[in-house]
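Chemist: The sequence shown runs 120 to 421 under this note's numbering.
For every residue, glycine included, the Cβ atom is placed at its ideal position computed from N, Cα and C.
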Amino acid sequence: MQTVLNGLKFYNMKIGVDLRPLLHGDLSGVPTYTKCLVKEMIRHKEHEFVLFLSGWDEKYKKILDQFQGENVRKVFWRIPNRVFNVFPRLDFDVDVFLFPDMRPAILPKKVKKVVICHDLSFIKFPGFFSFKSRLWYFFNNPRKYFRGADRVISVSKFTQKELANILGVRSEVVYEGAYVPKCKDFACVKRKYGLPDKYILSLSALEPRKNLKKVIEAYLMADLDCEFVLAGSFDEKIFAKYSLPKNTKIRFVGPVAHEDKEALYKLSSGLVYVSLYEGFGLPVLEAMSCGVNVLTSKGSSM
Numbered sequence: 120m121q122t123v124l125n126g127l128k129f130y131n132m133k134i135g136v137d138l139r140p141l142l143h144g145d146l147s148g149v150p151t152y153t154k155c156l157v158k159e160m161i162r163h164k165e166h167e168f169v170l171f172l173s174g175w176d177e178k179y180k181k182i183l184d185q186f187q188g189e190n191v192r193k194v195f196w197r198i199p200n201r202v203f204n205v206f207p208r209l210d211f212d213v214d215v216f217l218f219p220d221m222r223p224a225i226l227p228k229k230v231k232k233v234v235i236c237h238d239l240s241f242i243k244f245p246g247f248f249s250f251k252s253r254l255w256y257f258f259n260n261p262r263k264y265f266r267g268a269d270r271v272i273s274v275s276k277f278t279q280k281e282l283a284n285i286l287g288v289r290s291e292v293v294y295e296g297a298y299v300p301k302c303k304d305f306a307c308v309k310r311k312y313g314l315p316d317k318y319i320l321s322l323s324a325l326e327p328r329k330n331l332k333k334v335i336e337a338y339l340m341a342d343l344d345c346e347f348v349l350a351g352s353f354d355e356k357i358f359a360k361y362s363l364p365k366n367t368k369i370r371f372v373g374p375v376a377h378e379d380k381e382a383l384y385k386l387s388s389g390l391v392y393v394s395l396y397e398g399f400g401l402p403v404l405e406a407m408s409c410g411v412n413v414l415t416s417k418g419s420s421m
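#1: Are Glu291 and Val274 close, meaning C-beta to C-beta below 8 Å?
#2: Shortest alpha-carbon distance to Leu401 belongs to which of Gly148, Ile134 and Tyr130?
#3: Just to confirm the assignment, what range does the beta strand (DSSP E) spanning Met182 have?
#4: In terms of DSSP beta bridges, what is Tyr392 paired with?
#5: Could you please give me the residues that DSSP links to Glu167 through a beta bridge?
#6: On the DSSP bridge list, what partners appear for Cys236?
#7: Taking the alpha carbon of Asn204 as the point to measure from, which residue in Lys380, Asp184, Val233 and Ile225 has its own alpha carbon closest?
#8: Let me confirm a value: Tyr396 is counted as buried when at least 16 other C-beta atoms fall within 10 Å, else exposed. Which label applies?
#9: Need the endpoints of the alpha helix (DSSP H) that Ala297 sits in, please.
#10: Assess contact between the region 365-384 and the region 300-310, defined as three or more Cβ pairs (one per stretch) separated by less than 8 Å. Is contact present?
#11: Any idea what DSSP makes of Leu142, helix, strand or coil?
#12: Going by C-alpha distance, which of Lys193, Asn366 and Lys133 is nearest Asp342?
This is the structure in structure tokens:
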């Protein structure tokens, strides 16, 4: 079937979407991107969507509840994700399957495969990843994975160049967009996270490549009259070898719900995001969309 709009013909499609990036929560960049992207996609009622998710625990099935629509079909398989390199085949009678991040899967030959690449940090900075993660990327072979796709999308021109130069893969650029939900009660969010009256903010997955040790050292040297709030989750095993400076003016508030982000941004004096390497740098765009000053690094995509 096809839809005609302003004299242009658009074919109605059946689109599969891999939601496995959401298995790790929706508080960091790729899960946030995936969640917002899919919610916008399913608003297009002329298309049908099959939202796929798998996991070893039945509790993961609840992730699908946030996506609703008559044009949405939800599929949950209680299968460990490590088996998808060999079986089973994702045969849901779709025209195209979208992978918002690198995830192994076997598709029918007739189904077009579209994959999104956010960055190649696992190649450029392998030391920032756990041994388990490095092993996963080794066995899943990024070069073969991206070359096997019918279409590859990069989230920035920087990532496009990285793919071409490092893996020899051509891609098209489709920039990320920032969606920060309106916060109904700033005072409630302030109490929830114990925010001080005056602070600068760092909001990201607290990974070594975010350069937090140097940022904290610079903050302490500057002797500012405001506190430094670091928000986000982190892998303690990876961070163990990076001893971060400690000070009473530095606060770790943990993971932040997406609906609370606007308050954290707007209550702050500004966002500090001086990462060593980013494929896009979504918090920078989020903060700017909230009218907040941003201090960022001059490198990679930023």
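Modeler: Per the coordinate set shown:
#1: no
#2: Gly148
#3: Sequence check: residue 182 is Ile here, not Met. Annotation for Ile182: no beta strand (DSSP E) segment contains it, and DSSP assigns it neither H nor E.
#4: Thr415
#5: Looking at the DSSP assignment, Glu167 forms a beta bridge with Lys133.
#6: Answer is Ser273.
#7: Ile225
#8: The residue in question, Tyr396, is buried, as its Cβ has 16 or more Cβ neighbours within 10 Å.
#9: Per DSSP, Ala297 lies in no alpha helix (DSSP H) and is assigned neither H nor E.
#10: yes
#11: helix
#12: Asn366
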